[in-house]
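A short worksheet on the structure shown next.
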Ligand SMILES: Nc1ncnc2c1ncn2[C@@H]1O[C@H](COP(=O)(O)OP(=O)(O)OP(=O)(O)O)[C@@H](O)[C@H]1O
Ligand SMILES: [Mg+2]
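Residue numbers (the working numbering): 1391 to 1751.
Shown next as C-alpha cells:
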C-alpha cells in the first residue's frame, strides 16, 4: 500500500494542478506496486497517471512547448523528440535489460532514495558494435519514463563552434539541470577521437575535459546517456564519470530468432530451420538481422506470398553478409558438419538434417 505521505503528496499535487508532480508520484506508486508483483494495479496506476497528463501528452508534438523546442544557439545542436518505444521493444541480454529497467525504477522512486541519502543512477554509458541497440535503448528509456529525449549533435557542435565548443556544451548542461529529460550524447567517441586526429588537439582536449567536469558537477533530474562504438579509446577518466557502463554485443542465436520473429509478425513462419538461419546470421548486428527480415518480407509480398521460408531468410541474411563484407556464407569457414560430410559421401542423414537441406535448396 502507498504510504500516507505518498497519498497526501498525490492529492496535494492534484489539488494544486501540479501535473508533473502528480505524474511522478503516480508513477512511483506504480513502480512500487510492480516491484511487489501487483502488475495489474501497477498498469492501472500508469494508465491513470497518463490520463492525468493530458497537457503533457498534447505537448508531445515537438515545437509546441518551450520544453520541446530548444531556442537560440541550443537549437543548433539539441534536438527534442518524444519517443514512444518501450524498453521491451529492445532485444537485450537479460542483465542489460534488467539494469535499464532498474534505472527507470530508480528515476521514478527518486524521492524515496533521497530520503535515505541515496541518488538514482543517471549517467549511463552504452558501448558496443554498431547496430546493437544503443541509440534505441536511449529512446526507449525516454519512452518508458515519458521524458522528452534531447539528442546532442556532438559532431556539429565540435565542428561548427570550434573555439567555443566548451561554452556551448555548458548550455547543454544548463538545460540538463533545468529541463528534465533523457539527454543523448550519441557517439561520444567524437570527443575523444578528435584528440588524436591532428585537427585542433587543444580544443578537443578542452571539450573533453569540460564534458567530464560538467558531467561530474551535474546533479539535476535528467538522465544522461552517452554511446560509443569504441569504449577502448575512452580513457578511465571518462569511464569513471558514469554511474553505469553497459557493454552491448552482437546478438546470440536466441536474440537473432527473436528479432526475425518480431519483424515478421503477420507472416507464416512454420517449419523454419532456425539453426540454419541463425547460423547464417552469425557476425551480423541486430540492425542487420532486422534489415534482412525486411528484405525477405518485401520479396515475399512482391511474390504474392504470405509465408517466409528458410531459404528466403538464408538468402536475405547472405545478401546482408555480403553488403557487410562478411562473406555470403557464414558456414564457408566453419568445419564441415558431420551430416554434410555424410551426405557428400552418400551416407543417409537423419530426417531432420534431410528436411533442413531440402528447405535450403
Ligand atoms: N537490440 C535490438 N533490439 C531490437 N532492435 C534492434 C536492436 N539493435 C538494433 N535494432 C534495430 O536496428 C536499428 C538501429 O539500432 P541502433 O541505432 O539502436 O544501433 P546502435 O547500437 O545505436 O548503432 P550505432 O553504434 O551504429 O549507432 C534499430 O532502430 C532497430 O530497428
Ligand atoms: Mg547509435
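Glycine included, each C-beta is placed from N, C-alpha and C at the ideal position. Predicted model, so just to flag it, every value in this text is computed and none were measured.
Is any heavy atom in ligand 2 found nearer than 8 angstroms to the beta carbon of residue i?
{"i": "residue 1579", "result": "no"}
{"i": "residue 1497", "result": "no"}
{"i": "residue 1752", "result": "The structure shown has nothing for residue 1752, since the chain only spans 1391 to 1751."}
{"i": "residue 1668", "result": "no"}
{"i": "residue 1617", "result": "yes"}
Could you check if residue i belongs to the surroundings of ligand 1, using beta carbon to heavy atom distance under 8 angstroms?
{"i": "residue 1526", "result": "yes"}
{"i": "residue 1706", "result": "no"}
{"i": "residue 1518", "result": "yes"}
{"i": "residue 1650", "result": "no"}
{"i": "residue 1473", "result": "no"}
{"i": "residue 1675", "result": "yes"}
{"i": "residue 1479", "result": "yes"}
{"i": "residue 1523", "result": "yes"}
{"i": "residue 1645", "result": "yes"}
{"i": "residue 1641", "result": "yes"}
{"i": "residue 1482", "result": "yes"}
{"i": "residue 1680", "result": "yes"}
Since residue i contacts residue j with CB under 8 angstroms, what's their CB separation in whole angstroms?
{"i": "residue 1491", "j": "residue 1544", "result": "Actually they are not in contact, since the Cβ atoms of residue 1491 and residue 1544 sit about 27 angstroms apart, beyond 8 angstroms."}
{"i": "residue 1541", "j": "residue 1469", "result": "5 angstroms"}
{"i": "residue 1521", "j": "residue 1676", "result": "6 angstroms"}
{"i": "residue 1377", "j": "residue 1464", "result": "Past the boundaries of the shown model lies residue 1377; the chain is included only from 1391 to 1751, so the question cannot be answered."}
{"i": "residue 1752", "j": "residue 1529", "result": "Here the chain covers residues 1391 to 1751 and nothing more, so residue 1752 does not appear."}
{"i": "residue 1416", "j": "residue 1435", "result": "6 angstroms"}
{"i": "residue 1466", "j": "residue 1546", "result": "7 angstroms"}
{"i": "residue 1512", "j": "residue 1613", "result": "5 angstroms"}
{"i": "residue 1653", "j": "residue 1684", "result": "6 angstroms"}
{"i": "residue 1667", "j": "residue 1703", "result": "5 angstroms"}
{"i": "residue 1531", "j": "residue 1615", "result": "7 angstroms"}
Taking just the CA atoms, how far does residue j sit from residue i?
{"i": "residue 1548", "j": "residue 1633", "result": "25 angstroms"}
{"i": "residue 1471", "j": "residue 1535", "result": "13 angstroms"}
{"i": "residue 1647", "j": "residue 1672", "result": "11 angstroms"}
{"i": "residue 1508", "j": "residue 1608", "result": "15 angstroms"}
{"i": "residue 1418", "j": "residue 1394", "result": "14 angstroms"}
{"i": "residue 1454", "j": "residue 1665", "result": "Reliability of the predicted coordinates at residue 1454 is poor, the pLDDT of 34 falling under 50, and the value obtained from them is presented with this limitation in mind. One C-alpha to the other measures close to 50 angstroms."}
{"i": "residue 1716", "j": "residue 1662", "result": "24 angstroms"}
{"i": "residue 1658", "j": "residue 1604", "result": "52 angstroms"}
{"i": "residue 1649", "j": "residue 1477", "result": "14 angstroms"}
{"i": "residue 1449", "j": "residue 1399", "result": "With a pLDDT of only 40 at residue 1449, under 50, the local geometry of the prediction cannot be trusted, and the value read off the model is given with reservation. About 24 angstroms."}
{"i": "residue 1573", "j": "residue 1559", "result": "12 angstroms"}
{"i": "residue 1566", "j": "residue 1611", "result": "8 angstroms"}
{"i": "residue 1686", "j": "residue 1550", "result": "41 angstroms"}
{"i": "residue 1707", "j": "residue 1539", "result": "33 angstroms"}
{"i": "residue 1401", "j": "residue 1438", "result": "14 angstroms"}
{"i": "residue 1427", "j": "residue 1488", "result": "16 angstroms"}
{"i": "residue 1397", "j": "residue 1499", "result": "14 angstroms"}
{"i": "residue 1682", "j": "residue 1698", "result": "12 angstroms"}
{"i": "residue 1601", "j": "residue 1517", "result": "18 angstroms"}
{"i": "residue 1505", "j": "residue 1627", "result": "30 angstroms"}
{"i": "residue 1599", "j": "residue 1711", "result": "39 angstroms"}
{"i": "residue 1568", "j": "residue 1690", "result": "50 angstroms"}
{"i": "residue 1596", "j": "residue 1563", "result": "16 angstroms"}
{"i": "residue 1553", "j": "residue 1620", "result": "25 angstroms"}
{"i": "residue 1695", "j": "residue 1497", "result": "46 angstroms"}
{"i": "residue 1485", "j": "residue 1644", "result": "15 angstroms"}
Going by DSSP, what residue range makes up the alpha helix (DSSP H) through residue i?
{"i": "residue 1517", "result": "Premise fails: residue 1517 lies in the beta strand (DSSP E), 1513-1517, not in any alpha helix (DSSP H)."}
{"i": "residue 1646", "result": "1643-1653"}
{"i": "residue 1691", "result": "1676-1692"}
{"i": "residue 1627", "result": "1626-1630"}
{"i": "residue 1704", "result": "1700-1713"}
{"i": "residue 1635", "result": "Taken as a continuous stretch (DSSP letters only), residue 1635 belongs to no alpha helix (DSSP H), being part of the beta strand (DSSP E) at 1634-1637."}
{"i": "residue 1557", "result": "1555-1568"}
{"i": "residue 1528", "result": "1524-1535"}
{"i": "residue 1505", "result": "1500-1505"}
{"i": "residue 1661", "result": "From DSSP, residue 1661 is part of no alpha helix (DSSP H); its letter is neither H nor E."}
Please report the residue range of the beta strand (DSSP E) in which residue i lies.
{"i": "residue 1574", "result": "1572-1575"}
{"i": "residue 1540", "result": "1539-1542"}
{"i": "residue 1614", "result": "1613-1618"}
{"i": "residue 1480", "result": "Where residue 1480 is concerned, there is no enclosing beta strand (DSSP E), given that its DSSP letter is neither H nor E."}
{"i": "residue 1468", "result": "1468-1471"}
Nearer than 8 angstroms: is that true of the beta carbon of residue i relative to any heavy atom of ligand 3?
{"i": "residue 1573", "result": "In the structure shown, ligand 3 is absent; the only ligands present are ligand 1 and ligand 2."}
Taking 9 angstroms as the CB-CB cut-off, is residue i touching chain B?
{"i": "residue 1681", "result": "You won't find chain B in this structure, because it holds only one protein chain."}
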